[in-house]
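What follows is a short report on a single structure.
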Amino acid sequence: MSTLHPSPIPAAAASVLDGDPRILIPLPEAAERLGISRWQAYKLARSGRLPTTRLGTRDLYVPAAVLRRIEQEGLPPEPEGSVVA
420 MSTLHPSPIP AAAASVLDGD PRILIPLPEA AERLGISRWQ AYKLARSGRL
470 PTTRLGTRDL YVPAAVLRRI EQEGLPPEPE GSVVA
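Under the working numbering, the residues of the sequence shown are numbered 420 to 504, in order.
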């Protein structure tokens, strides 16, 4: 007689690196994953250093592939002579 072992139920994926199937990550969550404040994330998005896309009228999202790359390689350098206020 064989014994059936219950298969483990995978925990809900909480991040891109945990196998999260999402394509777009909300900007506040991306900021948390990067260890920066929301304010800093919005500032980086405004400057173009953190690529985002807008869904609806207000919500900004970071593509999951971009977030993976930034988590591994860091943010791209600031262009010379750029000033972000």
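Backbone N, C-alpha and C fix where the C-beta goes; we use that ideal spot for every residue, glycine too.
- In the assembly as shown, isoleucine 489 is a buried residue. Its beta-carbon has 16 or more other beta-carbons within 10 Å.
- For the pair leucine 446 and threonine 471, the CB atoms are nearer than the 8 Å cut-off.
- Using a Cβ distance threshold of 8 Å, alanine 450 and arginine 457 count as a contacting pair.
- For proline 470, the three-state secondary structure derived from DSSP is coil.
- Our two residues, proline 495 and aspartate 478, have alpha carbons roughly 23 Å apart in a direct line.
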